[in-house]
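Engineer: Before anything else, here's the structure in question.
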Amino acid sequence: MQALYAQLLVGLINGSFYALLSLGLAVIFGMLNIINFAHGALYMMGAFCAYFLLNLTGLGYWPALIIAPIVVGIFGMILERTMLQWLAGLDHLYGLLLTFGIALIVQGVFQNYFGSSGLPYAIPDELKGGMNLGFMFLPIYRGWVVVFSLVVCLATWYLIEKTRLGAYLRAATENPTLVRAFGINVPRMITLTYGLGVGLAALAGVLSAPINQVRPLMGADLIIVVFAVVVIGGMGSIMGSIITGFALGVIEGLTKYFYPEASNTVVFVLMVLVLLVKPTGLTGRAA
Amino acid sequence: MKQKISALLFGTALAFCASAAVAQDKNIKIGVLTDNSGLYSDLGGVGSTLAAQMAIEDSGLAAKGWKIDLISADHQNKPDIATTIARQWIDVEKVDILMDVLNSGVGLAVNNVVKEKNSIMINTGAATSDLTNAQCTPNTIHWVYDTYMLANSTGQALVKAGGDTWYFLTADYAFGAALERDTTAVIVKSGGKVLGSVKHPLNSSDFSSFLLQAQASKAKIVGLANAGGDTTNSIKQASEFGIVAGGQKLAGLLLFVTDVHSLGLKVAQGLNFTETFYWDLNDGTRAFSKRFSDRMKNKAQPSMVQAGVYSGLIHYFKTLEAMGGNVHDGAKVVAKMKELPTDDPLFGKGSIRVDGRKLHPAYLFEVKKPEESKGPWDYYKLIGTTPADQAFRPLSESACPLVKK
Chain A
1 MQALYAQLLV GLINGSFYAL LSLGLAVIFG MLNIINFAHG ALYMMGAFCA YFLLNLTGLG
61 YWPALIIAPI VVGIFGMILE RTMLQWLAGL DHLYGLLLTF GIALIVQGVF QNYFGSSGLP
121 YAIPDELKGG MNLGFMFLPI YRGWVVVFSL VVCLATWYLI EKTRLGAYLR AATENPTLVR
181 AFGINVPRMI TLTYGLGVGL AALAGVLSAP INQVRPLMGA DLIIVVFAVV VIGGMGSIMG
241 SIITGFALGV IEGLTKYFYP EASNTVVFVL MVLVLLVKPT GLTGRAA
Chain B
1001 MKQKISALLF GTALAFCASA AVAQDKNIKI GVLTDNSGLY SDLGGVGSTL AAQMAIEDSG
1061 LAAKGWKIDL ISADHQNKPD IATTIARQWI DVEKVDILMD VLNSGVGLAV NNVVKEKNSI
1121 MINTGAATSD LTNAQCTPNT IHWVYDTYML ANSTGQALVK AGGDTWYFLT ADYAFGAALE
1181 RDTTAVIVKS GGKVLGSVKH PLNSSDFSSF LLQAQASKAK IVGLANAGGD TTNSIKQASE
1241 FGIVAGGQKL AGLLLFVTDV HSLGLKVAQG LNFTETFYWD LNDGTRAFSK RFSDRMKNKA
1301 QPSMVQAGVY SGLIHYFKTL EAMGGNVHDG AKVVAKMKEL PTDDPLFGKG SIRVDGRKLH
1361 PAYLFEVKKP EESKGPWDYY KLIGTTPADQ AFRPLSESAC PLVKK
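Heads up: the sequence lines are chains A and B, in that order.
Under this note's numbering, the first residue of the first sequence is numbered 1, with each subsequent residue one higher.
Under this note's numbering, the first residue of the second sequence is numbered 1001, with each subsequent residue one higher.
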């Protein structure tokens, strides 16, 4: 039974990465209607950005948590301005192909320069060590990841669903022409939204740098699972993607305990089942 | 009568000419089949192709009128892709020899193709000891290391040092299964016990669930029967979960110098594991590695897999030279390679056994503490050597059909 508690907690930790990443995807899809396949590559760039900040400028983990999402977010906004904006109104397939291509190029460039085995990034001193919870040894850093990502997820949800800015955003997706008529710069808002989604991915990258090796393919391994999370939660649903992210982390954790061989398939089995029963995802509305 | 004799002479002359023409074929085509983009690309990948290029240059065959072509491809760690490339290379591109072929699943699959087509494979990257055991063929040489030798060297040393209960984290494919099987045999033989194991999917990023299970088993040694990024992530996360601090010891059964480099000494220090090549072993290895790392984009030192590509090709070239030309007959060339002793600055003097196993010493290393390291890539302390004749599976235990008992 104790082991089970431990697995549940570990599942929550992984779930927080799924939640952060799928949240970014959901924001981008919900507002821009783009299936952002470059998300994994941008997550990886976040981790690399933290690595460079530490090794080139001496800036540690805490500044990186703020700077990396901004830097990568700006990179994302440049992508949006120069390429993605021309795809507005076209079939989803074009956006998917473009972002997938961008992901391959970015990963290829990083791999060319940094190889595949990755670079070390240490846990910040303040979060080293762990505590004994009785049923498991919880590294303090992992606890921090869960709490921090939960806060970020809820803040993003609040921003989009409950504030005036969020209301503009949602209105702009619904009817851009009308919103523009009210004197709101819709293209700029869309660019900023893409930057926000990308920033969330980069933030997840910084969070994961001390846990995983900083590797060019770290995002490629994760992105497929995250897409499954988004599909299960319902494309474009903010709260749905947060909840499914955490829930699937837990389900995957339990699978690792009961039948470890299936742990990287279980998410996809669930996806198939959900699509069969409710094609719009658990919280999605019919289009 | 006279006419008959002259006809006979003419015929003999013609036959002689024909055989001379075959023997003087001085074309060689080498194919490096490796992981160029995935989790193993640092220990093989472009470094393997570079090692092959260096072997071609160092052989001096070009000056003697030989024409050597080198091609390479990415098998993406997928056996089906690898066999398709291998077939195309052998049938269409007329490749004579396949090098590297890392990943045990891939290695075993290509092994069959190479035998069917009577080509040659010098496998320097796959770990599974089955390549020279039940699956051995007259066309394959297993050059650098195998699971039996890793288990024998690392496993035995750790059990002797008091680590008599084990729990395995095993990569869920041919390699992990072989490594766990071979290590278990050694542990049991040395008086130890295996308490359990958990199989994780290849290329996992999170190992915390598996590590917790290993922690709960209370085994003294947590054996990592995985490789590449899986091993480095396991080690990094094990330190996070306080596995070593809690009194358990990690055994990285297969670690490469590129993995230690990527982990950093702070995390990797104190690990014991076995390799057959290290760049800083002697003058010969240092000289080669200096030239190698100068030509690598990230200035990496060669892994044992890449060193094996160089060493294997040097022997292959020597053999062809001794035969006077390339006969394009895989089994025949491999038989000759087994006859000749091997000698190169990287692995020293050695030999190739009838089952295709290349023999050389195995070195047990310990990773240095950060303060012991004198500079980049100065990572290992040599703590034990198993001589060539004891490092690998003895022929008496072999299930290879080529071994006559």
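Beta carbons: idealized from backbone N, C-alpha and C, even for Gly.
1. In chain order, what residues of the segment 1297 to 1331 of chain B put their CB closer than 9 Å to some CB of chain A?
2. Leaving out five residues before and five after residue 1395 (chain B) in sequence, what residues of the same chain have Cβ atoms less than 8 Å from its Cβ?
3. With 8 Å as the threshold, decide whether the Cβ of residue 1216 (chain B) is near any Cβ in chain A.
4. Do residue 1320 (chain B) and residue 1333 (chain B) have their C-beta atoms within less than 8 Å of each other?
5. For residue 1316 (chain B), which three-state DSSP category applies?
6. So, at 8 Å on beta carbons, what are the nonlocal neighbours of residue 1341 (chain B) in its own chain, with the 5 sequence-adjacent residues on each side left out?
7. Pop quiz: residue 7 (chain A) and residue 1236 (chain B) are said to be a contact at Cβ under 8 Å. What is the actual Cβ separation, rounded to whole angstroms?
8. Closest Cβ-Cβ distance between residue 116 (chain A) and chain B: below 8 Å?
9. Going by the CB atoms, is the gap between residue 1398 (chain B) and residue 1133 (chain B) shorter than 8 Å?
10. If you draw a straight line from the alpha carbon of residue 115 (chain A) to that of residue 1201 (chain B), how long is it in whole angstroms?
11. Given that residue 211 (chain A) touches chain B, what residues does it touch there, using C-beta distances under 9 Å?
12. Let me know the secondary structure DSSP gives residue 188 (chain A) once reduced to three states.
13. Give the straight-line distance between the Cα atoms of residue 1336 (chain B) and residue 207 (chain A), rounded to the nearest whole angstrom.
14. Using only the alpha-carbon positions, how far apart do residue 1149 (chain B) and residue 224 (chain A) sit?
15. Here's the rule: buried if 16 or more other CB atoms are within 10 angstroms of the residue's CB, otherwise exposed. What is residue 218 (chain A)?
16. For residue 42 (chain A), which residues in chain B fall below 8 Å Cβ to Cβ?
17. So with Cβ pairs under 8 Å, would you call residue 1228 (chain B) a contact of chain A?
18. Can you say whether residue 1021 (chain B) is buried or exposed, counting buried as having 16 or more other CB atoms within 10 angstroms of its CB?
19. Give the DSSP-derived three-state secondary structure of residue 1290 (chain B) in the structure shown.
20. Under the assumption that residue 25 (chain A) contacts residue 43 (chain A) (Cβ atoms under 8 Å), give the Cβ distance between them as a whole number of angstroms.
21. Using a beta-carbon distance below 8 Å, is residue 268 (chain A) in contact with chain B?
22. State the CB to CB distance for the pair residue 1179 (chain B) and residue 1225 (chain B), rounded to an integer number of angstroms; the pair is presumed to be in contact (CB under 8 Å).
23. Measuring straight from C-alpha to C-alpha, what distance separates residue 1264 (chain B) and residue 120 (chain A)?
24. Given a cut-off of 8 Å, decide if residue 216 (chain A) and residue 110 (chain A) are closer than it, judged by their beta-carbon atoms.
25. So, residue 246 (chain A) versus residue 16 (chain A), is the Cβ gap smaller than 8 Å?
26. Per DSSP, what are the beta-bridge partners of residue 1049 (chain B) in this structure?
27. Within the segment 235 to 282 of chain A, note down every full alpha helix (DSSP H) run reaching 4 residues or more, in order along the chain.
28. Taking C-alpha atoms, which residue in B:1294, B:1041, B:1122 and B:1322 lies nearest to residue 1075 (chain B)?
29. Quick one, are the C-beta atoms of residue 1098 (chain B) and residue 1110 (chain B) less than 8 Å apart?
30. Should residue 147 (chain A) be labelled buried (16 or more other beta-carbon atoms within 10 Å of its own) or exposed?
31. So if I threshold CB-CB distances at 7 Å, which residues from the segment 1041 to 1054 of chain B count as touching chain A?
32. Could you spell out where the beta strand (DSSP E) holding residue 1274 (chain B) opens and where it closes?
33. Quick check on residue 74 (chain A): buried or exposed, where buried means 16 or more other Cβ atoms within 10 Å of its Cβ?
34. Less than 8 Å between CB atoms is the rule here; does residue 1259 (chain B) satisfy it with respect to chain A?
35. Compute the distance between the beta-carbons of residue 1052 (chain B) and residue 1030 (chain B), then report whether it is under 8 Å.
36. From the beta carbon of residue 207 (chain A), is the nearest beta carbon of chain B less than 8 Å away?
Structural biologist: In short:
1. 1297, 1298 and 1300
2. Start at 1 with the first residue of the second sequence, and residue 1395 (chain B) comes out as number 395. The answer, listed in chain order, is 1353, 1354, 1355 and 1403.
3. Sequence index remark: in the second sequence, residue 1216 (chain B) carries index 216 (1-based). So yes, residue 1216 (chain B) belongs to the interface.
4. To locate residue 1320 (chain B), count along the second sequence from 1; it is residue 320. To locate residue 1333 (chain B), count along the second sequence from 1; it is residue 333. Closer than 8 Å, so yes.
5. Counting from one through the second sequence, the residue named residue 1316 (chain B) turns up at place 316. Residue 1316 (chain B): helix per DSSP, three-state reduction.
6. The count along the second sequence starts at 1 and reaches residue 1341 (chain B) at position 341. Closer than 8 Å at the Cβ level, and outside the excluded window around residue 1341 (chain B), lie 1349, 1350 and 1351.
7. Taking the first sequence and counting its residues from 1, one reaches residue 7 (chain A) at position 7. Taking the second sequence and counting its residues from 1, one reaches residue 1236 (chain B) at position 236. The Cβ separation is near 20 Å, so there is no contact.
8. Position 116 of the first sequence, counted from the start, is the residue given in the question as residue 116 (chain A). By this cut-off, residue 116 (chain A) is an interface position.
9. Along the second sequence, one-based indexing puts residue 1133 (chain B) at 133. Along the second sequence, one-based indexing puts residue 1398 (chain B) at 398. Closer than 8 Å, so yes.
10. Looking up residue 115 (chain A) in the first sequence gives position 115. Looking up residue 1201 (chain B) in the second sequence gives position 201. Residue 115 (chain A) and residue 1201 (chain B): Cα-Cα distance of roughly 22 Å.
11. Against the first sequence, residue 211 (chain A) aligns to sequence position 211. Correct list: 1205, 1206, 1208, 1233, 1236, 1237 and 1240.
12. Here the question's residue 188 (chain A) lines up with position 188 in the first sequence. The answer is helix: DSSP assigns residue 188 (chain A) an H, G or I state.
13. On the second sequence, position 336 is the one that residue 1336 (chain B) refers to. On the first sequence, position 207 is the one that residue 207 (chain A) refers to. Those two C-alpha atoms are separated by around 56 Å.
14. By 1-based counting over the second sequence, the position of residue 1149 (chain B) is 149. By 1-based counting over the first sequence, the position of residue 224 (chain A) is 224. Looking at the two C-alpha atoms, the distance is approximately 37 Å.
15. Working through the first sequence from its first residue, we reach residue 218 (chain A) at position 218. Result: buried.
16. The count along the first sequence starts at 1 and reaches residue 42 (chain A) at position 42. Correct list: empty, because the minimum Cβ distance to chain B is about 17 Å.
17. On the second sequence, residue 1228 (chain B) is found 228 positions in, with the first residue counted as 1. Yes - at least one Cβ of chain A is within 8 Å of the one on residue 1228 (chain B).
18. As a first step, residue 1021 (chain B) is located in the second sequence; it is residue number 21 there, counting from the start. Any reading at residue 1021 (chain B) must be qualified, since the residue scores a pLDDT of 47, below 50, and its modelled position is unreliable; no value is offered.
19. Counted from its first residue, the second sequence places residue 1290 (chain B) at position 290. Residue state, collapsed to three classes: helix.
20. The residue given as residue 25 (chain A) occupies position 25 in the first sequence. The residue given as residue 43 (chain A) occupies position 43 in the first sequence. So it is not a contact: roughly 11 Å between Cβ atoms.
21. Here residue 268 (chain A) refers to the residue found at position 268 when the first sequence is read from its first residue. With 8 Å as the cut-off, residue 268 (chain A) does not count as an interface residue toward chain B.
22. Position 179 of the second sequence, counted from the first residue, corresponds to residue 1179 (chain B). Position 225 of the second sequence, counted from the first residue, corresponds to residue 1225 (chain B). With 8 Å as the limit, residue 1179 (chain B) and residue 1225 (chain B) qualify as a contact, their Cβ atoms being about 4 Å apart.
23. In the second sequence, residue 1264 (chain B) corresponds to position 264, counting from 1. In the first sequence, residue 120 (chain A) corresponds to position 120, counting from 1. Approximately 6 Å between the Cα atoms of the pair.
24. Position 110 of the first sequence, counted from the first residue, corresponds to residue 110 (chain A). Position 216 of the first sequence, counted from the first residue, corresponds to residue 216 (chain A). Yes, they are a contact pair.
25. As a first step, residue 246 (chain A) is located in the first sequence; it is residue number 246 there, counting from the start. As a first step, residue 16 (chain A) is located in the first sequence; it is residue number 16 there, counting from the start. A contact, by the Cβ cut-off of 8 Å.
26. Taking the second sequence and counting its residues from 1, the one referred to as residue 1049 (chain B) is at position 49. In the DSSP output, where bridge partners are listed per residue, residue 1049 (chain B) has none listed.
27. 238 to 258 and 266 to 277
28. Residue 1075 (chain B) sits at position 75 when you count from the first residue of the second sequence. Nearest C-alpha to residue 1075 (chain B): B:1041.
29. For the purposes of this step, residue 1098 (chain B) is taken as the residue at position 98 of the second sequence. For the purposes of this step, residue 1110 (chain B) is taken as the residue at position 110 of the second sequence. Result yes, Cβ atoms of residue 1098 (chain B) and residue 1110 (chain B) sit closer than 8 Å.
30. Position 147 of the first sequence, counted from the start, is the residue given in the question as residue 147 (chain A). Residue 147 (chain A) is exposed by the Cβ-count criterion.
31. 1041 and 1042
32. Locating residue 1274 (chain B) in the second sequence gives position 274, counting from the first residue. It spans 1272 to 1275 - the beta strand (DSSP E) in which residue 1274 (chain B) sits, taken as one unbroken run.
33. Within the first sequence, residue 74 (chain A) is the residue found at index 74, counting from 1. Classification of residue 74 (chain A): exposed, given that the 10 Å Cβ count is below 16.
34. For this step, residue 1259 (chain B) is matched to residue 259 along the second sequence. Closer than 8 Å to some Cβ of chain A, the Cβ of residue 1259 (chain B) qualifies, so yes.
35. In the second sequence, the residue the question calls residue 1052 (chain B) occupies position 52. In the second sequence, the residue the question calls residue 1030 (chain B) occupies position 30. Cβ atoms of residue 1052 (chain B) and residue 1030 (chain B): closer than 8 Å.
36. As a working note, residue 207 (chain A) is residue 207 in the first sequence. Cβ-Cβ to chain B under 8 Å: no for residue 207 (chain A).
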